[in-house]
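Below: one structure, written as structure tokens.
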Amino acid sequence: CSVDYTSYGIVMGPTDDIQNSANYLTVTGGSYWTHNGAIKTDEKFDGYLTVTGAELRSNGQPAVQIGGGKNVSLSGCLISREFPDIDNYALQITGGKNVVVGNSIINSTSKAVAITTPGALVFEGNIITYKSTAIDYLTDDKSKHIVQNNVTNLNDRT
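Numbering-wise, the working numbering comes out as the position in the sequence shown, counting from 1, plus 37.
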């Protein structure tokens, strides 16, 4: 599957809205390069999303925006925010009950990752290339989080 020249790639919405949501989605591979986000899960999304081995790119907004979901898993992906003139994250995690991001490459021309979720989070084994900030950990409740074994690489990429 491929997405190009569109605002958003995959948007997972509230599961009570039958016309605009899916309870389960599994994506294996593909290229999703968009203006505002390759993947977005709405804060009211209450389903399951698994993405493996996909290229997830965005020009301006975060390439991946995790706002909700029972289980959200990203593994072996390229997550990249491209435009250097826009100061935004490549990956933004603001919600989700159980979120796993692992063994992925995360590139940003400014800030790379923002974490504010109160849910359970495993963020491990990633390579993060950034220009200004690798990880903004913007939550005080880290009791259900494992953020470890990530390699960060300051880059002058423009």
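Ideal Cβ positions, reconstructed from N, Cα and C, are used throughout, including at glycine. Keep in mind it's a predicted model, so treat the numbers as computed, not measured.
C-alpha distance - residue i paired with residue j, whole-angstrom precision
i	j	result
Ile143	Val88	14 Å
Thr195	Tyr167	Low confidence applies to Thr195: its pLDDT is 45, below 50, so where it sits in the model is not reliable enough to give any reading.
Trp70	Gly113	17 Å
Asn60	Asn186	31 Å
Tyr42	Lys134	31 Å
Gly46	Ile76	6 Å
Lys81	Gly50	6 Å
Leu62	Ser180	28 Å
Thr176	Gly106	19 Å
Bridge-paired residues (DSSP) for residue i
i	result
Glu161	Gly139 and Gln185
Asn108	Tyr85 and Asn135
Thr63	Thr87
Gly74	Tyr45
Leu93	Tyr69 and Ile116
Ser39	Ser68
Thr170	Lys148
Gln129	Gln102 and Ala151
Asn190	Thr166
Residue nearest to residue i in terms of C-alpha spacing, selected from the options
i	options	result
Val150	Pro121, Thr189 and Gly133	Thr189
Pro121	Thr131, Gly139 and Gly97	Gly97
Gly132	Leu115, Gly104 and Ser141	Gly104
Ile183	Asp83, Gly113, Gly67 and Val159	Val159
Val64	Phe82, Ser44, Val40 and Ile172	Val40
Thr170	Ser44, Asn125, Asp178 and Leu86	Asn125
Tyr174	Gly84, Gly162 and Lys148	Lys148
Proximity below 9 Å, CB of residue i to CB of residue j
i	j	result
Ile130	Thr146	no
Val109	Ala127	no
Pro99	Gly139	no
Ser68	Ala91	yes
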